[in-house]
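Protein chains in written order, with this note's numbering: chain A, 1 to 314; chain B, 1001 to 1256. Think of the CB as a built atom: it goes at the ideal place given N, C-alpha and C, for glycine as much as any other residue. No experiment lies behind these values; they were computed from the predicted model shown. Right, one structure below, let's go through it.
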């Protein structure tokens, strides 16, 4: 079967990027935030395929965001690319260190351990005055390689930044998943003993996956901070991590495009739900989750997957 | 040439002595059958050699090198591979994907992040393996849907991707119907003979042992009770009594 991912993704990225200036401001903002959060979900997809669920991606999302906030505030770094790089570097460093412990655990222990670390960070952020305490702090308006578009026009540049980041990440992860290392995800989920007896280290592979997922979450957090213009401890709170897991289930893990599509659907849902039924958001989320698990357990992407239709008409 | 040299191997699980001072060496190109009742320590012996379990005391040398402290993946890379009594395959993956993953991991110490798993060359090698182990008809079937005998063959095919010098087969014919046993062993032994692989196989069916092994180790209570040609070992009085379960009546008859 030919792999259309490259062409499909390129076309989608071009269309979304071209729509940027045409969309109303609220919609462009929605897409920016959705794609930034889609990056985090893309990281969860790798872990999900390995049979692991992280309930603590908020940790890296927050580290990415706070790296941007802190560097802008205290060191006056304004370049968006530099800030993004620092956000990724921060979350990668954290995951590389924590991975030595986390990669030993599976199933519920993995989930709870990741959650524990994110709550630790939340606790530290809330209690530390220098980090803005419960209020967090504002993020500077970024410049782009020396070009400072000003606060209003910057939004469109951030929109393009997230398009490029999402496109590059999706292609990179697609390539990764087609490699022997990427194939280890399913292999580890199915049979760790065999993986070891094929000469590969399961622990190292899970460690690498944790770092990759953290890099994506850090990038998502950094761009989210630039787009929102503010960071606060809620980024590390467990409900934020839970939302990422929710979007993973909503999207499905069948394709690297799914996290972004699912994330846009989720943000649309949230926008309309808060507008028309402001106090019913949790009820909406709960109902959708219920319906998904009952009727579309492989996520929304399974409804549009080509393979599924091919099979149906064979 | 001595390939494997095991000296004074001991392993206890609580009060059970699973390996009790095992001393044995295996020369290159030997085909050794391992027999013994359940709980005699056969699988423990294989687990110890492949590093899945660590001995309490004793030393395992492979090609003159001490491999006792190494983890399974390092031992695998040195050329000692194994199959399992319960096939250890990737159940949701197809037969071809199982082999591609195995081949992809075998090539480099650190699996590549970037190069593709499905290359024409690797697909070709997977095809050869499927041909040799009669798996071609099942190529696109997920391993969950395979009959037991086929799953056994896949398990063994995945064990040989490293081109092992020494292959340990843990009950290759268990769970396989009587009429398929010899066919399965023929397929496996033909393939291994071509590669010049030294084989140790655990087996309960004495007809299989007699047909394929040139040497037999009889295990009892974690120790080797008898070691020699199949005829010699199978007619050994202690083996008759403790391994083959032909009780004292037989021994009494022998005494006459």
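(request) Quick one: grab the DSSP three-state call for residue 204 of chain A. (result) Here residue 204 of chain A corresponds to residue number 204 of the first chain, with the count starting at 1. Helix.
(message) Here's the rule: buried if 16 or more other CB atoms are within 10 angstroms of the residue's CB, otherwise exposed. What is residue 1243 of chain B?
(response) Taking the second chain and counting its residues from 1, one reaches residue 1243 of chain B at position 243. Within 10 angstroms of the beta-carbon of residue 1243 of chain B lie 16 or more other beta-carbons, which makes it buried.
(request) Rank A:173, A:116 and A:164 by C-alpha distance to the C-alpha of residue 1114 of chain B and give the top, closest one. (result) Mapped onto the second chain, residue 1114 of chain B falls at position 114. Comparing Cα positions, the closest option is A:173.
(request) Output yes if chain A places a C-beta closer than 9 angstroms to the C-beta of residue 1131 of chain B; else output no. (result) Indexing the second chain from 1 puts residue 1131 of chain B at position 131. Interface residue (Cβ-Cβ distance to chain A less than 9 angstroms): residue 1131 of chain B is not classified as such.
(message) Run through chain B and tell me which residues come within less than 9 angstroms of residue 302 of chain A, C-beta to C-beta.
(response) Stepping through the first chain from its first residue, residue 302 of chain A is reached at position 302. When 9 angstroms is used as the limit between beta carbons, residue 302 of chain A is near no residue of chain B, the shortest such separation being about 16 angstroms.
(request) State yes or no: is the C-beta of residue 1201 of chain B within less than 9 angstroms of the C-beta of residue 1014 of chain B? (result) Mapped onto the second chain, residue 1201 of chain B falls at position 201. Mapped onto the second chain, residue 1014 of chain B falls at position 14. Not in contact: residue 1201 of chain B and residue 1014 of chain B (Cβ atoms no closer than 9 angstroms).
(request) Label residue 1163 of chain B either buried or exposed according to how many other C-beta atoms from any shown protein chain fall within 10 Å of its C-beta, with 16 as the threshold for buried. (result) Mapped onto the second chain, residue 1163 of chain B falls at position 163. Looking at its Cβ environment, which holds fewer than 16 other Cβ atoms inside 10 Å, residue 1163 of chain B is exposed.
(request) Could you name the residues of chain B that residue 196 of chain A contacts, counting a contact when the two beta carbons are closer than 7 angstroms? (result) In the first chain, residue 196 of chain A corresponds to position 196, counting from 1. Residue 196 of chain A reaches chain B at 1072 and 1073, counting residues in chain order whose Cβ is nearer than 7 angstroms.
(message) Please report the straight-line C-alpha distance between residue 1065 of chain B and residue 1056 of chain B, rounded to a whole angstrom.
(response) For the purposes of this step, residue 1065 of chain B is identified with residue 65 of the second chain, where counting begins at 1. For the purposes of this step, residue 1056 of chain B is identified with residue 56 of the second chain, where counting begins at 1. In this model, residue 1065 of chain B and residue 1056 of chain B are separated by some 19 angstroms (Cα to Cα).
(request) From the DSSP output, in three-state form, read off residue 100 of chain A for me. (result) Residue numbering aside, residue 100 of chain A sits at position 100 when the first chain is read from its first letter. In the displayed model, residue 100 of chain A falls within a helix according to three-state DSSP.
(request) Using 10 angstroms around the beta-carbon of residue 77 of chain A, count the other beta-carbons present and answer buried if the total reaches 16, otherwise exposed. (result) Numbered from 1 along the first chain, position 77 holds the residue referred to as residue 77 of chain A. Residue 77 of chain A should be labelled buried.
(request) Consult DSSP for residue 1047 of chain B and reduce its assignment to one of helix, strand or coil. (result) Counted from its first residue, the second chain places residue 1047 of chain B at position 47. Look at residue 1047 of chain B here: in three-state DSSP terms it is helix.
(message) So with CB distances below 7 angstroms, who are the chain B contacts of residue 181 of chain A?
(response) What you label residue 181 of chain A is simply residue 181 of the first chain in a count that begins at 1. Close to residue 181 of chain A, with beta-carbon spacing below 7 angstroms, are these residues of chain B in chain order: 1111, 1112 and 1113.
(message) Does any residue of chain B have a CB that is nearer than 9 angstroms to the CB of residue 37 of chain A?
(response) To locate residue 37 of chain A, count along the first chain from 1; it is residue 37. Closer than 9 angstroms: no.
(request) For residue 1089 of chain B, go through chain A and note every residue whose CB falls closer than 9 angstroms to its CB, in chain order. (result) Here residue 1089 of chain B corresponds to residue number 89 of the second chain, with the count starting at 1. Neighbours of residue 1089 of chain B in chain A, taken as residues whose beta carbon is under 9 angstroms from its own, are 190, 191 and 194 in chain order.
(message) Is the beta carbon of residue 200 of chain A closer than 9 angstroms to that of residue 321 of chain A?
(response) Only positions 1 to 314 of chain A appear in the structure, and residue 321 of chain A is not among them; the question remains open.
(request) Tell me whether the beta-carbon of residue 253 of chain A lies closer than 9 angstroms to the beta-carbon of residue 4 of chain A. (result) Against the first chain, residue 253 of chain A aligns to sequence position 253. Against the first chain, residue 4 of chain A aligns to sequence position 4. It is not a contact, given that the beta carbons lie outside the stated cut-off.
(request) Measure the CB-CB distance between residue 1166 of chain B and residue 1199 of chain B and report whether it falls below 9 angstroms. (result) Locating residue 1166 of chain B in the second chain gives position 166, where the first residue counts as 1. Locating residue 1199 of chain B in the second chain gives position 199, where the first residue counts as 1. Result yes, Cβ atoms of residue 1166 of chain B and residue 1199 of chain B sit closer than 9 angstroms.
(message) When you compare the CB positions of residue 196 of chain A and residue 1076 of chain B, do they come within less than 9 angstroms of one another, or not?
(response) The residue you call residue 196 of chain A lines up with position 196 of the first chain. The residue you call residue 1076 of chain B lines up with position 76 of the second chain. Closer than 9 angstroms, so yes.
(message) Counting C-beta neighbours from all protein chains within 10 Å, is the total for residue 153 of chain A 16 or more, i.e. buried, or is it exposed?
(response) Reading the first chain from its first residue, position 153 is the one you call residue 153 of chain A. The residue in question, residue 153 of chain A, is exposed, as its Cβ has fewer than 16 Cβ neighbours within 10 Å.
(request) Measure the alpha-carbon distance for residue 1257 of chain B versus residue 1063 of chain B and round it to whole angstroms. (result) Outside the shown range of chain B (1001 to 1256) lies residue 1257 of chain B, about which nothing can therefore be said.
(request) Following the continuous beta strand (DSSP E) through residue 1008 of chain B, name the residue where it begins and the one where it ends. (result) Position 8 of the second chain, counted from the first residue, corresponds to residue 1008 of chain B. Secondary structure note for residue 1008 of chain B: its beta strand (DSSP E) is the uninterrupted segment 1002-1013.
(request) Within its chain, find whatever has a CB closer than 8 angstroms to the CB of residue 194 of chain A; leave out the 5 residues flanking it on each side and keep chain order. (result) Locating residue 194 of chain A in the first chain gives position 194, counting from the first residue. Cβ neighbours of residue 194 of chain A beyond the five flanking positions: 187.
(request) Please list the partners that residue 176 of chain A has in chain B, where partner means a Cβ-to-Cβ separation under 7 angstroms. (result) Reading the first chain from its first residue, position 176 is the one you call residue 176 of chain A. Neighbours of residue 176 of chain A on chain B, chain order: 1113.
(request) Could you confirm whether any beta carbon from chain A is found closer than 9 angstroms to the beta carbon of residue 1001 of chain B? (result) Taking the first residue of the second chain as 1, we reach residue 1001 of chain B at position 1. Interface with chain A (9 angstroms Cβ-Cβ cutoff): residue 1001 of chain B is excluded.
(request) Return the CA-CA distance between residue 302 of chain A and residue 250 of chain A, expressed in angstroms with no decimal places. (result) Counting from one through the first chain, the residue named residue 302 of chain A turns up at place 302. Counting from one through the first chain, the residue named residue 250 of chain A turns up at place 250. When rounded, the distance between both Cα atoms is 10 angstroms.
(request) Could you name the residues of chain A that residue 1214 of chain B contacts, counting a contact when the two beta carbons are closer than 8 angstroms? (result) Your numbering for residue 1214 of chain B matches position 214 in the second chain. Residues of chain A passing the Cβ test: none, with the nearest at roughly 26 angstroms.
(request) Could you name the residues of the stretch 1133-1159 of chain B whose beta carbon sits closer than 9 angstroms to any beta carbon of chain A, in the order they occur along the chain? (result) Cβ proximity to chain A below 9 angstroms picks out 1143, 1155, 1158 and 1159 from the stretch 1133-1159 of chain B.
(request) Tell me, to the nearest whole angstrom, how far the beta carbon of residue 1223 of chain B is from that of residue 1021 of chain B; I am working on the premise that it is less than 8 angstroms. (result) Here residue 1223 of chain B refers to the residue found at position 223 when the second chain is read from its first residue. Here residue 1021 of chain B refers to the residue found at position 21 when the second chain is read from its first residue. In this structure residue 1223 of chain B touches residue 1021 of chain B by the C-beta definition: roughly 6 angstroms separates them, less than 8 angstroms.
(message) Measuring alpha carbon to alpha carbon, tell me which residue in A:245, A:257, A:246 and A:202 is nearest residue 106 of chain A.
(response) Position 106 of the first chain, counted from the first residue, corresponds to residue 106 of chain A. Closest option to residue 106 of chain A, Cα to Cα, is A:202.
(request) Measure how close the beta-carbons of residue 1025 of chain B and residue 1002 of chain B come, nearest whole angstrom, since I'm counting them as under 8 angstroms. (result) Numbered from 1 along the second chain, position 25 holds the residue referred to as residue 1025 of chain B. Numbered from 1 along the second chain, position 2 holds the residue referred to as residue 1002 of chain B. Between residue 1025 of chain B and residue 1002 of chain B the beta-carbon gap is near 5 angstroms, inside 8 angstroms, which marks them as a contact.
(request) Compare the C-beta of residue 1166 of chain B with all C-beta atoms of chain A and state if any pair is closer than 9 angstroms. (result) The residue labelled residue 1166 of chain B in the question sits at position 166 within the second chain. Closer than 9 angstroms: no.
(message) Does chain A have any CB closer than 9 angstroms to the CB of residue 1107 of chain B?
(response) Translated into positions along the second chain, residue 1107 of chain B becomes position 107. Cβ-Cβ to chain A under 9 angstroms: yes for residue 1107 of chain B.
(request) Grab the span of the beta strand (DSSP E) containing residue 1025 of chain B for me, first residue to last. (result) Position 25 of the second chain, counting from 1, holds the residue named residue 1025 of chain B. That run of the beta strand (DSSP E) goes 1016-1027.
(request) Using the Cα positions of residue 40 of chain A and residue 1047 of chain B, report the straight-line distance between them to the nearest angstrom. (result) For this step, residue 40 of chain A is matched to residue 40 along the first chain. For this step, residue 1047 of chain B is matched to residue 47 along the second chain. Straight-line Cα distance between these residues: approximately 41 angstroms.
(message) Please classify residue 57 of chain A as buried or exposed, where buried requires at least 16 other C-beta atoms within 10 Å of its C-beta.
(response) Here the question's residue 57 of chain A lines up with position 57 in the first chain. Buried.
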